[in-house]
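Data block below; observations after.
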Amino acid sequence: MSKVYETVIGLEVHVELATKTKIFCGCSTEFGGAPNTHTCPVCTGMPGSLPVLNKAVVEKAVAVGLATNCNITRNCKFDRKNYFYPDNPQNYQISQLYYPICRDGYVEIEVEGKKKKVRIHEIHMEEDAGKLVHEERSDSSLVDFNRSGVPLIEIVSEPDMRSAEEVIAYLDKLRLIIQYLGASDCKLNEGSMRADVNLSVREVGSEEFGTRTETKNLNSFKAIARAIENERERQIDLLESGEKVVQETRRWDDNKEYSYPMRSKEDAQDYRYFPDPDLVPVIISEEWIEKIKNSQPELRDEKIIRYKEEYDIPEYDIMIITASKKMADIFEEAISLGAAPKKVSNWLMGETMRLMKETDTEADNLKFSAENLAKLIKLIEDKAINGTVAKEVFEKVFAEDINPEKYVDDNGLRTVNDEGALRETIQKIIDANPKSVEDIRNGKQKAIGFLVGQTMKEMKGKADPSEVNRIIKEILG
């Protein structure tokens, strides 16, 4: 009888905080600058340079801790994690081992209708390292220190997850909490959110943990799910063949869908941690915590409850809209500008989702403003444009965030409201299609649709189809 195995997973999630300057110096944190242009003696580790803590980093770390039900450490300190690596300019990283800023929290996830708490062991602040750029042509590596000193929080979970689905649900929950707080944009493709997966397997019913491995280089939810399944199978195959799992760090290659060992797993003592002598302890008062707590925005779970109470839109719409802070912001702002919630929801769930799929655009990267969506809805309500023209105009709004009112006027798209001119065109269409008129008189109502279509074509779409329909019926009695 073959053994049944259980997967045990814990995560270390690194999040770049959205501060304007780095954690210990005044250099810019902006992504994408020319190599080594966002640097100074502090973040390049020059001898004699002294770090000065950025207050905004502490506030954002506390905000994330409060939103994930953590206890805030009132007196926390920084430590030096000593190791040599080419992208680490000081040969140590300033981090927090002994007194992390947040501890003992949790987030609640839901997978296949079942809710579960994933415990958070700790959240600590630290500085990011630089970035190695590998040049294949010259067979060399270059170092870009722009990222060195960018503020990070590392969110360390307990080994509470049992499947890739639970891991993705946990990461998605964290991502949305942090985005709603404005603490980070959490873009995995740009490295502002990175997850290392600690995974082991054990026989179902066993109380002891198996030997775990840590998998790095995971920059998308799909890559994380694939890496988990691959590592689970790899470990089970080793155990089934009588071999042992080696505790090590592995690097995931998503193109090959394969992981390979990087180094044997180090323990904390290998890094020779000691308190950083250049940084004073961080004292966090009750008043400071209360101030941060009172400035916390409405998070997704609260938003879902409020939308259900305030807006007459389907629950499915609510779940999609609130799954992106950007989309939720557009929804609420458009309503504040006078648009009806159901109409805003229809445009977001219909044309917006269609164009997002066609253009492979993530919700967080939507360019159009709530103001221009509200203006478009107003044009439809005022019967200044019909539905067909509205969809055409929205494509421009979606792509370029153009002012729909100006676009409609500049391109002569307003609905023709001159009933005399409209009747004249309809009469012309009726005279040219006696067979359709006869079909209508014989009870074939579908023929009215043909006449409406011909009229709209003649009017170049600039007519109200319902008005055309009414006039045709009136003329034909």
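Our numbering applies: residue 1231 is where the sequence shown begins, and numbers increase by one. Even glycine gets a Cβ: it sits at the ideal position worked out from N, Cα and C. Because the structure is a prediction, the values reported are computed rather than measured.
Query, Result
"For a minimum of 4 consecutive residues, which ranges assigned as the alpha helix (DSSP H) are wholly contained in the region 1481-1511?", "none"
"Cβ of Asn-1634 within 8 Å of Cβ of Asn-1602?", "Note that residue 1634 is Pro in the sequence shown here, rather than Asn. Contact flag set, yes."
"Whole angstroms is fine: what's the gap from Val-1348's alpha carbon to Ile-1543's?", "31 Å"
"Please classify Lys-1347: does DSSP put it in a helix, a strand, or coil?", "strand"
"Tell me the DSSP secondary structure of Ala-1425 in three-state form.", "strand"
"Go through its chain and collect everything with a Cβ distance to Phe-1439's Cβ below 8 Å, but skip five positions before and after it.", "Val-1238, Pro-1389, Ser-1430 and Arg-1432"
"Let's see if you can read the secondary structure: which residues bound the beta strand (DSSP E) around Gly-1335?", "1332-1341"
"Could you have a look at Pro-1571 and say whether DSSP puts it in helix, strand or coil?", "helix"
"Quick test of your reading: Ile-1458 and Ile-1302, contact by CB under 8 Å. State the CB separation rounded to the nearest angstrom.", "With 8 Å as the limit, Ile-1458 and Ile-1302 do not qualify as a contact, their Cβ atoms being about 31 Å apart."
"Can you tell me which of the three DSSP states Asn-1699 falls into?", "helix"
"Give every residue of the same chain whose Cβ lies closer than 8 Å to the Cβ of Asn-1284, excluding the five residues on either side of it in the sequence, and list them in chain order.", "Thr-1249, Thr-1251, Lys-1252, Ile-1253, Phe-1254 and Pro-1381"
"Can we say the region 1394-1407 touches the region 1266-1286, given the rule of at least three CB pairs closer than 8 Å?", "no"
"Would you say Tyr-1378 and Cys-1273 are within 8 Å of each other, going by their C-beta atoms?", "Correcting the residue identity first, residue 1378 is Ser in this sequence and not Tyr. Closer than 8 Å, so yes."
"To the nearest angstrom, how far is the alpha carbon of Leu-1606 from that of Ser-1575?", "13 Å"
"If I follow the unbroken beta strand (DSSP E) through Gln-1323, where does it start and stop?", "1322-1325"
"Alpha carbon to alpha carbon, how far is Asp-1612 from Asn-1663?", "32 Å"
"DSSP state of Val-1627, grouped into three classes?", "helix"
"One question on the structure: do Gly-1360 and Ile-1350 come within less than 8 Å of each other, judged by their Cβ atoms?", "no"
"State the DSSP-derived secondary structure class of Met-1231, mapped to helix, strand or coil.", "At Met-1231 the pLDDT is 48, less than 50, meaning the model places this residue with poor confidence; the figure from the coordinates comes in the next sentence. Coil."
"Using the Cα positions of Phe-1408 and Val-1245, report the straight-line distance between them to the nearest angstrom.", "It should be pointed out that residue 1408 corresponds to Ile in this sequence rather than to Phe. Rounded to whole angstroms, Ile-1408 to Val-1245 spans 9 Å at the Cα level."
"From this set, Tyr-1637, Glu-1520, Asp-1559 and Gly-1673, which residue's C-alpha is nearest Glu-1528's C-alpha?", "Asp-1559"
"With a threshold of 8 Å, are at least 3 pairs of Cβ atoms found where one atom belongs to the region 1503-1517 and the other to the region 1473-1489?", "no"
"Using only the alpha-carbon positions, how far apart do Arg-1481 and Val-1287 sit?", "29 Å"
"Measure the alpha-carbon distance for Met-1231 versus Asn-1376 and round it to whole angstroms.", "For Met-1231, the pLDDT reaches just 48, beneath the cut-off of 50, and the residue's location in the model is therefore unreliable, although a value from the coordinates is still provided. Going by the C-alpha atoms only, they are around 56 Å apart."
"Is the CB-CB distance between Ile-1353 and Val-1427 below 8 Å?", "no"
"Distance, Cα to Cα, Lys-1346 vs Asp-1402?", "14 Å"
"Are the beta-carbon atoms of Leu-1247 and Ile-1383 separated by less than 8 Å?", "yes"
"State the Cα-Cα distance for the pair Lys-1233 and Thr-1441, rounded to the nearest angstrom.", "17 Å"
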